[in-house]
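Student: Heads up: the sequence shown begins at 13 in the working numbering, then just goes up one per residue. Can you keep this structure in mind? I'll have questions shortly.
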Amino acid sequence: MFANMENHPVREALLELLRERAELTSTDAARELGGNTGLYSFHLRKLAEQGLVEDVPGTTGRARPWRLATGPKPSSELGELNRRLEDESYRRWRDSRAQAPAEWRDDEAFSEVVYLTPEEMAAMGDAIRSVITLFRHRETQPAARPSDAAPVAVVARLFPMLDLD
């Protein structure tokens with residue numbers, strides 16, 4: 013149905029670069045990540061189709077700069093599908109953790125309610141993304157992974173619990 017555009021290693025790397033800088037061309041991506049500009053141009057266009065990135069307004073010419081989309085976010089249907097996949101993955105983990113090696117049987121699931129302003133909520137999201145950024149390169153650079161590293165799902169949801177009634 014929907015492909016999770018953000019779980020593709022090249023697209024994840026492009027999104028991470030765009031989170032770090034205001035704009036990016038496929039040439040910039042090739043210089044930073046290695047590979048060829050055609051690969052990154054293709055994936056930037058695919059991210060644009062999903063509403064995750066957009067052309068930088070007012071630019072013309074061969075060097076096509078992109079930025080994170082400022083308009084509507086990807087469809088809520090895609091977000092709902094991602095949440096269902098996360099929930100299903102966590103259920104499978106809980107059901108099968110007894111078969112995992114002892115050092116991998118625990119998880120770090122937690123939930124808290126804290127009182128924040130909209131600005132503080134945005135800052136918390138930025139802080140969480142910053143910590144994740146420290147490890148994201150290991151997806152596209154296997155040589156950077158420690159020998160005992162394994163994929164770990166990181167799920168964070170920050171949302172206001174507004175009483176709209």
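Here a beta-carbon is modelled for each residue, glycine too, at the ideal position from N, C-alpha and C.
Check whether the stretch 141-151 touches the stretch 22-37, taking contact to mean three or more Cβ pairs, one atom from each stretch, closer than 8 Å.
Tutor: As far as the Cβ criterion goes, the stretch 141-151 touches the stretch 22-37, which means the pair count is three or higher.
Student: What number of angstroms, rounded off, separates the C-alpha of residue 76 from the C-alpha of residue 161?
Tutor: 37 Å
Student: How big is the Cα-Cα spacing for residue 140 and residue 72?
Tutor: 35 Å
Student: For a quick check, are the C-beta atoms of residue 151 and residue 79 less than 7 Å apart?
Tutor: No. Outside cutoff.
Student: In terms of residues, what are the limits of the beta strand (DSSP E) holding residue 80?
Tutor: 78-80
Student: Pick out the complete beta strand (DSSP E) segments inside the stretch 44-73, 3 residues or longer, and give them in chain order.
Tutor: As far as the stretch 44-73 is concerned, its whole beta strand (DSSP E) runs of at least 3 residues are 65-67.
Student: Sort 66, 125, 56 and 99 by Cα distance to residue 20 and report the nearest one.
Tutor: 56
Student: Determine the direct distance from the alpha carbon of residue 60 to that of residue 69, and round the result to whole angstroms.
Tutor: Residue 69 and residue 60: Cα-Cα distance of roughly 14 Å.
Student: Is it the case that the Cβ atoms of residue 98 and residue 167 are separated by a distance below 7 Å?
Tutor: yes
Student: With H, G and I counted as helix, E and B as strand and the rest as coil, what does DSSP make of residue 176?
Tutor: Annotated three-state conformation of residue 176 is coil, per DSSP.
Student: I need the DSSP call for residue 128, collapsed to helix, strand or coil.
Tutor: Correct three-state label for residue 128: coil.
Student: Which residues in the same chain have their Cβ closer than 7 Å to the Cβ of residue 52, if we skip the five residues on either side of it in sequence?
Tutor: 26, 38, 41 and 42
Student: Do you know how far the Cα of residue 105 is from the Cα of residue 116?
Tutor: 11 Å
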